[in-house]
Amino acid sequence: MQASIETARAARRRFMFVGLLISVAVVFCLNIAMGSVNVPLPDVVRTIFGRQIESAVHESIIMRIRLPRTLATLAGGACLAISGLMLQIFFGNPIVEPYVLGISSGSIMFVSIVMLGGVTFGFNILSPLFMFIGSLIGALIVMLAVVFAAGKVKSIVTLLVIGIMIGFLAGSVRSILTAFADLETVGRLTLWTMGSFSGFTWQQVQILLAITGVFSLAAILMSKPLNALLLGEKYAVSMGVGIRFFRMAIIVIASVLTAALTAFAGPISFVGLAVPHMMRMGFKTADNRVLLPASILGGALMLSLCDLIARTVLAPRELAIGAITALVGAPLLIFMLVRRNNAL
Amino acid sequence: MSQTVMRTVDLKVGYGKRCVVDEVDIEALRGGMVCLLGPNGSGKSTILRTLSGMLSPVEGAVYIENINIQLLPKSSLARRMAVVLTDKLQPGLLTAFEIAAMGRHPYTGFFGKLKAHDREIVMDALTSVRAQELAHRYYNELSDGEKQKVMIARALAQEPELIVLDEPTSHLDISHRAEVIEVLARLCSEKGITIIMALHDIDLALKGCKTVLMIKNGEIIAQGPPEQIVREGIIQELYDISSARYDDLLCSLELGSYSQKSALFIIGGAGTGIPVFRALRRAGFGMDCGVLHQSDVDAHVARALCNHIVTEDDFQAISDENYDAACRLMQRHDVIIDTGFPAGATNARNMDMLRLALEKGKKVYTLRTKDSVHSPAGKQPIYCETVPELITALGDLC
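The listed protein sequences derive, respectively, from chains A and B.
Counting in my numbering, the first sequence runs from 1 upward without gaps.
Counting in my numbering, the second sequence runs from 1 upward without gaps.
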């Protein structure tokens, strides 16, 4: 009986993983094929595998615009999902994620300073690395502030309020800096703060992919202590987890992953909340050895799908991707908050 | 056999430099069960946290198998000692088996993969706390008692020498409390595991643990086997119980009264008095009582609940002196209650006293069956079948 239950669970997990992989592949191809100019699917596949296709225009669209953009959404989704999952374990609470906690807002605040301040201080070119560093500083500062606050007050509502307040703070810093900046930069910044993957350059994609790769791997390597942390810090320590280093590692990984995406695509809400939750429901487990890879795939799938919707649903107009993710995520957050209150 | 597993040397526990409990001198033998008793805030948890290495000692050291735990790497310590805390867990979708398997953390490889040997140990651990049938249920769906058993199984899966538990029976119903203590006692005797825990259940601690430490206001006031350290009134003193009385021999707590109505005189014995005392106390009556033999269970409860009692030495017939004292006490009351005690050679004079009360025209209520009181002509007691009936009758009287 015990063996049969376990075999059934393992089969379910394999089935889910295969399903996720196929879905990611399909959405990946659709993302490249669909848009203001539709590229035939066979051409898409050929281009991906490095073959020549007849239409030079199509090839150019794929290689210059759609492929980097799609790769960015895949990597970005993975970043947010992993960051969300790690924060949920860290705070022992299923309703936290980078956007809700204000970590994304912290990034915005510092990127605004870099973007607007950079212009006023005489920088003309915004180096992607520079934006990433600004974003990371903002994310880390907010993250440390939240960790400090979480040590003082245990209530999740307080954490949520802090997150919202940091959002306001970021908005106000932006408004003040806007007064000193020229119109073009302000326009670009406004577009960016709404969250968008348009105009992703290969250089940005490379940085994003590299960071996602390294830090997702680091997260997966931490599966075992992350599992122990599901029982709370005290138990984790009693089972031999070196908590100081481990805490720092979670903070850094979650902040870097959030910062990397926010630097280039702007703040994107609720992916970090919704994906781990859906994966837990789908895989029916909290085991991080399963959830971490699942969240990478799930996050990639969700964000690329949302980007596809944002681009195509009102084409040729493009919606802000944050609008689509929030449409899914905000009701989910409210639902979880309500249910949690009932449970307690 | 009696090998020391954990001992403390010149230990002062506390937070930072602030000492909470001084001179903590604990020695736990293999297979021993040490229990910390004391009121909330007395420093029990601080001691447990220090013993389990979560808190550094203010002074001194804790040794497990002669190694200072502060110098032991965390993972080595985890193979020797496991803890069960009071924290409520929200582990999400994990099965009882997966929770228990967390205990293998110090033994498994980088990704925590369980080998066949590990799975066996986890199942054995669940079986020894009688939770094997819960293995594949989700932890969140279990009752508090079942959850606690799973957490003990998790501790066992660490294959420790020593398990430290902080109030393992709180939030549990009485049958789960007894079960948890019984399971722990079995682990001690069968597996030779040493257990150190804090408990709030005085009776479970005194009945179930081999060694008891009593802690009050940051001081260990008594330490040793329960039979050695329990003396008259020590529990009362330990917890500063003012609104109730604790009987050390029976381990029972008698609640104090909230109001005083006129006092009644009760003649009882052999346990027939206890329900009457409790019900009358609840109804707010004051009580005097006589004559009871000193070790009669009724006497234990009467000492807690009655204002005045007259007692006789055990197994002695009631002496003239005590009989007269009881009669004088009885004369001061208008209402006398007979609990329906069995009468025999040593307490025959209690029946005499009952007849005397009737003769004197007192109002006598009895719980005996009708017409069983051999009473003087024309002077009948009032018969009540049950204690509630008696209380109602007395209520009408007032």
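Using N, Cα and C, we set each Cβ at its ideal position, and we do this for glycine too.
Can you tell me whether ILE220(A) is helix, strand or coil according to DSSP?
By one-based count along the first sequence, residue 220(A) stands at place 220. When DSSP states are grouped into helix, strand and coil, ILE220(A) belongs to the helix group.
Once the 5 residues before and after ASN342(A) are set aside, which same chain residues still bring their CB inside 6 Å of it?
Taking the first sequence and counting its residues from 1, the one referred to as residue 342(A) is at position 342. At ASN342(A) the pLDDT is 41, less than 50, meaning the model places this residue with poor confidence; the figure from the coordinates comes in the next sentence. Here the set comprises nothing.
Taking the Cβ atom as the reference point for each residue, do ILE215(B) and GLY41(B) lie within a distance shorter than 8 Å?
Position 215 of the second sequence holds residue 215(B). Position 41 of the second sequence holds residue 41(B). Contact annotation: ILE215(B) and GLY41(B) have beta-carbon atoms that are not nearer than 8 Å.
For GLU27(B) and PHE270(A), I'd like the C-alpha separation in whole angstroms.
Numbered from 1 along the second sequence, position 27 holds the residue referred to as residue 27(B). Numbered from 1 along the first sequence, position 270 holds the residue referred to as residue 270(A). Looking at the two C-alpha atoms, the distance is approximately 54 Å.
Cβ of LYS224(A) less than 8 Å from any chain B Cβ?
Taking the first sequence and counting its residues from 1, the one referred to as residue 224(A) is at position 224. True, the Cβ-Cβ gap to chain B drops below 8 Å.
Can ALA263(B) and PHE285(B) be called in contact, C-beta distance under 8 Å?
As a first step, residue 263(B) is located in the second sequence; it is residue number 263 there, counting from the start. As a first step, residue 285(B) is located in the second sequence; it is residue number 285 there, counting from the start. Yes. Within cutoff.
Can you tell me which of the three DSSP states VAL100(A) falls into?
Within the first sequence, numbered from 1, the residue matching residue 100(A) stands at position 100. Per DSSP, reduced to three states, the secondary structure at VAL100(A) is coil, with no helix or strand assignment.
Distance, Cα to Cα, GLY208(B) vs ILE181(B)?
As a position in the second sequence, residue 208(B) is number 208, starting the count at 1. As a position in the second sequence, residue 181(B) is number 181, starting the count at 1. Whole-angstrom Cα-Cα distance: 7 Å.
Using a Cβ-Cβ cut-off of less than 8 Å, give me the residues of the stretch 157-171 of chain B that come near chain A, in sequence order.
Of all residues in the stretch 157-171 of chain B, the ones placed with a Cβ closer than 8 Å to any Cβ belonging to chain A are GLN158, in chain order.
Please report whether the beta-carbon of GLU98(B) lies at a distance below 8 Å from any beta-carbon of chain A.
Mapped onto the second sequence, residue 98(B) falls at position 98. It does: the Cβ of GLU98(B) has a partner Cβ on chain A nearer than 8 Å.
Nearest-angstrom Cα distance between THR392(B) and ALA302(B)?
Residue mapping note: residue 392(B) aligns to position 392 of the second sequence, counting from 1. Residue mapping note: residue 302(B) aligns to position 302 of the second sequence, counting from 1. Cα to Cα, THR392(B) sits roughly 22 Å from ALA302(B).
Is THR4(B) closer than 8 Å to GLY60(B) when the C-beta atoms are compared?
Start at 1 with the first residue of the second sequence, and residue 60(B) comes out as number 60. Start at 1 with the first residue of the second sequence, and residue 4(B) comes out as number 4. The answer is no: Cβ separation not under 8 Å.
With a threshold of 16 other CB atoms inside 10 Å of the CB of ILE250(A), please say whether the residue is buried or exposed.
Numbered from its first residue, the first sequence carries residue 250(A) at position 250. Burial call: buried.
In terms of residue numbering, what span does the alpha helix (DSSP H) encompassing MET131(A) cover?
The sequence position of residue 131(A) within the first sequence is 131, counting from 1. Per DSSP, the continuous alpha helix (DSSP H) segment holding MET131(A) begins and ends at 128-152.
Buried or exposed for TYR107(B), going by 16 or more other Cβ atoms inside 10 Å?
For this step, residue 107(B) is matched to residue 107 along the second sequence. Buried: at least 16 other Cβ atoms inside 10 Å.
When DSSP labels each residue in this structure, what does ALA244(B) get in the three-state scheme?
Stepping through the second sequence from its first residue, residue 244(B) is reached at position 244. Here ALA244(B) sits in strand by DSSP.
C-alpha gap between MET63(A) and ARG46(A), whole angstroms
The residue labelled residue 63(A) in the question sits at position 63 within the first sequence. The residue labelled residue 46(A) in the question sits at position 46 within the first sequence. Between the alpha carbons of MET63(A) and ARG46(A) lies a distance of about 12 Å.
Short of 9 Å Cβ to Cβ, which residues in the stretch 277-288 of chain A face chain B?
Correct list: ARG280, MET281, PHE283, LYS284, THR285, ALA286, ASP287.
Opposite LEU29(B) in the DSSP bridges: which residues?
Along the second sequence, one-based indexing puts residue 29(B) at 29. Note: LEU29(B) is bridge-paired with THR4(B) in the DSSP secondary-structure output.
Touching or not, the stretch 55-69 of chain B and the stretch 7-23 of chain B, by the rule of three or more beta carbon pairs under 8 Å?
In short, these stretches touch, since the Cβ pair count reaches three.
List, in chain order, every chain A residue whose beta-carbon is nearer than 8 Å to that of VAL83(B).
Sequence index remark: in the second sequence, residue 83(B) carries index 83 (1-based). Under the 8 Å cutoff, chain A gives LYS234, TYR235, SER238.
Using a Cβ-Cβ cut-off of 8 Å, state whether LEU85(A) counts as contacting chain B.
On the first sequence, position 85 is the one that residue 85(A) refers to. No, its Cβ sits nowhere closer than 8 Å to a Cβ of chain B.
Could you give the distance in angstroms between the alpha-carbon of THR120(A) and the alpha-carbon of GLY187(A)?
Residue mapping note: residue 120(A) aligns to position 120 of the first sequence, counting from 1. Residue mapping note: residue 187(A) aligns to position 187 of the first sequence, counting from 1. Because the pLDDT at THR120(A) is just 48, under 50, the model does not fix this residue reliably, and the point stays unresolved.
What whole-angstrom Cβ distance do ILE309(A) and ILE324(A) have, given they're in contact under 8 Å?
Within the first sequence, the letter at position 309 stands for residue 309(A). Within the first sequence, the letter at position 324 stands for residue 324(A). Contact check for ILE309(A) and ILE324(A): beta-carbon distance about 5 Å, within the 8 Å limit, so the pair qualifies.
For the putative contact between ALA263(A) and SER135(A), defined by C-beta atoms under 8 Å, what is the C-beta separation to the nearest angstrom?
Residue mapping note: residue 263(A) aligns to position 263 of the first sequence, counting from 1. Residue mapping note: residue 135(A) aligns to position 135 of the first sequence, counting from 1. ALA263(A) to SER135(A), Cβ: 4 Å. Contact.
Give the interface partners of GLN90(B) over in chain A, defined as CB-CB distance under 7 Å, in chain order.
As a working note, residue 90(B) is residue 90 in the second sequence. What GLN90(B) touches in chain A: GLY92.
Note the first and the last residue of the continuous beta strand (DSSP E) segment covering THR194(B).
Taking the second sequence and counting its residues from 1, one reaches residue 194(B) at position 194. Boundaries of the beta strand (DSSP E) around THR194(B): 194-198.
Check whether the stretch 66-75 of chain A touches the stretch 32-45 of chain A, taking contact to mean three or more Cβ pairs, one atom from each stretch, closer than 8 Å.
The count of Cβ pairs closer than 8 Å, one atom from the stretch 66-75 of chain A and one from the stretch 32-45 of chain A, reaches three, so the stretches are in contact.
C-beta atoms of VAL84(B) and ILE47(B) nearer than 8 Å
Indexing the second sequence from 1 puts residue 84(B) at position 84. Indexing the second sequence from 1 puts residue 47(B) at position 47. No; because the gap between Cβ atoms is not below 8 Å, this pair is not in contact.
Write down every uninterrupted run of the alpha helix (DSSP H) in the stretch 323-391 of chain B whose length is 4 residues or greater and which is fully enclosed by it, in chain order.
Segments of the alpha helix (DSSP H) lying fully in the stretch 323-391 of chain B: 348-359.
If ASP296(B) and ALA270(B) are in contact, beta carbons under 8 Å, what's the gap, nearest whole angstrom?
As a first step, residue 296(B) must be located in the second sequence, where it is residue number 296. As a first step, residue 270(B) must be located in the second sequence, where it is residue number 270. With 8 Å as the limit, ASP296(B) and ALA270(B) qualify as a contact, their Cβ atoms being about 6 Å apart.
Looking at PRO381(B) and THR366(B), is the spacing between their C-beta atoms short of 8 Å?
Start at 1 with the first residue of the second sequence, and residue 366(B) comes out as number 366. Start at 1 with the first residue of the second sequence, and residue 381(B) comes out as number 381. Yes. Within cutoff.
C-alpha distance - MET1(B) paired with HIS171(B), whole-angstrom precision
As a working note, residue 1(B) is residue 1 in the second sequence. As a working note, residue 171(B) is residue 171 in the second sequence. Unreliable positioning characterises MET1(B) in this predicted model, as indicated by a pLDDT of 48, which lies under 50. A coordinate reading is not provided.
Do we get a CB-CB distance below 8 Å when we pair PHE265(B) with the residues of chain A?
Start at 1 with the first residue of the second sequence, and residue 265(B) comes out as number 265. No, no contact with chain A.
Taking contact to mean 3 or more Cβ pairs, one atom from each stretch, closer than 8 Å, check whether the stretch 299-313 of chain A and the stretch 216-234 of chain A are in contact.
For the pair of segments examined, the stretch 299-313 of chain A was found not to touch the stretch 216-234 of chain A: the number of CB pairs separated by less than 8 Å stays below three.
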